[in-house]
Amino acid sequence: METASTTPAHIKGGNFLIESRRPEEIFTPEDLTDQHRLIAQTAQEFVDKEIVPRIHDFERKDPALMRGLLKKAAELGLTTTDVPQQYGGLELDKISSILVSEKMAREGSWATVVGAQAGIGILPIALFGTDDQRSRYVPKLASAEWLGAYCLSEATSASDALNCRTTARPSPDGKHYLLNGTKMWVTNGGIADVFVVFAKVDGEKFTAFIVERTFPGVTPGAEEHKMGIRGSSTTPLVLENVPVPVENVLGEIGKGHLIAFNILNIGRLKLGAGCVGACKYLLAEALRWAKEHLLSHGGHGGLAPGRDRSGCAVGGQTNPGGARAIRGRMFDPQGDGH
Ligand SMILES: Cc1cc2nc3c(=O)[nH]c(=O)nc-3n(C[C@H](O)[C@H](O)[C@H](O)COP(=O)(O)OP(=O)(O)OC[C@H]3O[C@@H](n4cnc5c(N)ncnc54)[C@H](O)[C@@H]3O)c2cc1C
4 METASTTPAH
14 IKGGNFLIES
24 RRPEEIFTPE
34 DLTDQHRLIA
44 QTAQEFVDKE
54 IVPRIHDFER
64 KDPALMRGLL
74 KKAAELGLTT
84 TDVPQQYGGL
94 ELDKISSILV
104 SEKMAREGSW
114 ATVVGAQAGI
124 GILPIALFGT
134 DDQRSRYVPK
144 LASAEWLGAY
154 CLSEATSASD
164 ALNCRTTARP
174 SPDGKHYLLN
184 GTKMWVTNGG
194 IADVFVVFAK
204 VDGEKFTAFI
214 VERTFPGVTP
224 GAEEHKMGIR
234 GSSTTPLVLE
244 NVPVPVENVL
254 GEIGKGHLIA
264 FNILNIGRLK
274 LGAGCVGACK
284 YLLAEALRWA
294 KEHLLSHGGH
304 GGLAPGRDRS
314 GCAVGGQTNP
324 GGARAIRGRM
334 FDPQGDGH
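The working numbering applies: residue 4 is where the sequence shown begins, and numbers increase by one.
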């Protein structure tokens with residue numbers, strides 16, 4: 004689906020800060036196309052109808068509930084904006100992806116679960132897999148028949164991911180790699196069907212592997228008891244002599260960092276949008292509460308009706324233009340995110 008903006012070429016990244024630029028060269032909400040607005044509206048309606056009424060249910064950490072919601076989101080294409088159409092995705096631009104991320108951030112557990120599926124769950128294989136790997140895994144992940152997870156962190160190497168201890172040893176017959184180690188804090192670990200696992204071949208060459216939950220020796224550990232986003236699953240993944248077929252090496256041996264870090268880069272872009280989205284919801288809710296409790300009850304608490312303490316108008320809305328302008332400058336709207 005084509006969603007290219009008809010406005011002039013935009014400035015890359017934060018260059019607007021150091022270059023002399025005209026206002027029309029800076030991306031603003033007015034530059035959004037009808038298709039951008041449509042996918043944002045679809046995401047908003049999904050969240051209002053399917054997520055908001057279930058927020059309290061998320062505390063139960065019910066795998067069936069999350070799976071069902073992911074399937075519904077997938078049917079609308081909300082988990083596949085970055086996935087090629089050939090493999091069941093919508094293949095939209097990055098503006099569409101971040102609009103969806105912004106809307107999904109209404110509730111943290113859901114944002115985590117759906118963000119992981121749409122990003123670190125699907126994209127390593129969708130963007131870096133061979134045709135065979137993509138055909139085998141991406142359509143199932145795109146429809147959310149299967150859920151995906153991304154296993155980079157370990158207890159002693161998370162920020163310092165390349166120092167992982169998980170190993171991959173070639174089997175004597177050359178048909179498999181035997182994976183050993185424990186990955187930590189795997190989002191959707193308790194419900195995922197397929198894991199992208201990073202391990203070192205011969206203890207040296209950092210490499211990505213596609214590991215199915217049903218492979219012998221794969222054991223998701225106990226759920227972490229988190230202080231927040233409690234509706235999302237976060238578990239270790241224990242690998243004990245797991246035979247991974249050589250066909251499931253993702254990318255090149257020793258080049259796993261290209262996959263690990265590019266996928267995280269896309270995640271950072273979308274997390275930024277999610278944070279802006281969550282702030283906007285929060286501000287809207289705070290304003291709603293303030294208007295109800297302070298203004299309509301006659302006691303203005305020092306606020307003049309319709310104004311906040313800084314003197315800005317409070318028309319019951321947040322300032323999406325400002326938020327989007329900040330977010331729009333975080334990335335090159337014309338780029339492909341690689
Ligand atoms: C809810 C949740 C879900 C997660 N999901 C996943 C997942 O799906 N897959 C996955 O692989 N991982 C996942 N993680 C792990 C996450 O990626 C790590 O928590 C993250 O990489 C940070 O690692 P750490 O917690 O060990 O912190 P540390 O690496 O111990 O860092 C602690 C602090 O020190 C700082 N720091 C670290 N190194 C340096 C340095 N060299 N110089 C200066 N400052 C430094 C960091 O910025 C941070 O502030 C998840 C974590 C959480 C909490």
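Positions of the beta carbon are idealized from the N, C-alpha and C atoms, including for glycine.
- Put simply, the backbone Cα of Gly132 is about 22 Å away from that of Leu272.
- If you look at Glu157, you'll find it isn't in any alpha helix (DSSP H); DSSP assigns it neither H nor E.
- Counting only unbroken stretches of 4 or more residues, the alpha helix (DSSP H) elements lying wholly within the region 23 to 67 are 37 to 49, in sequence order.
- Gly224 places its beta carbon 8 Å or farther from that of Val197.
- Closest by C-alpha distance to Ala67, out of Ala108, Trp149, Gly124, is Trp149.
- When C-alpha distances from Asp65 are compared across Asn265, Leu102, Glu226, the shortest belongs to Glu226.
- Burial check for Ala161: the Cβ neighbour count within 10 Å stays below 16, so the residue is exposed.
- If you draw a 10 Å sphere on the C-beta of Met69, you find 16 or more other C-beta atoms in it, and that means buried.
- Check the Cα spacing between Ile42 and each of Glu295, Ser99, Gly234: the tightest is with Ser99.
- Distances between the C-beta of Asp196 and the heavy atoms of ligand 1 are all 7 Å or more.
- Secondary structure note for His179: its beta strand (DSSP E) is the uninterrupted segment 179 to 190.
- When Cys154, Pro142, Val117 are compared, the shortest CA-CA separation from His260 is found for Cys154.
- With a threshold of 7 Å, the Cβ atom of Cys154 counts as near ligand 1, since some heavy atom of the ligand is closer than that.
- In the DSSP annotation of this structure, the continuous segment of the beta strand (DSSP E) that includes Phe212 starts and ends at 208 to 215.
- Nearest in C-alpha terms to Arg40, of all of Glu105, Val86, Glu215, is Glu105.
- Contact check for Val204 and Pro127: beta-carbon distance about 17 Å, past the 8 Å limit, so the pair fails to qualify.
- Closest in C-alpha terms to Thr238, from the list Leu290, Asn166, Ala152, Thr45, comes Ala152.
- Taking C-alpha positions only, Tyr140 is separated from Thr84 by approximately 17 Å.
- Pairing Leu35 with Leu297, the inter-Cα distance amounts to about 36 Å.
- Note: Thr238 is bridge-paired with Val189 in the DSSP secondary-structure output.
- For Val189, the shortest C-beta to heavy atom distance toward ligand 1 is below 7 Å.
- A Cβ-Cβ distance of about 12 Å is found for the pair Ile262 and Ala202, leaving them out of contact under the 8 Å criterion.
- Fewer than three pairs of CB atoms, one per stretch, sit closer than 8 Å, so the region 242 to 261 makes no contact with the region 113 to 126.
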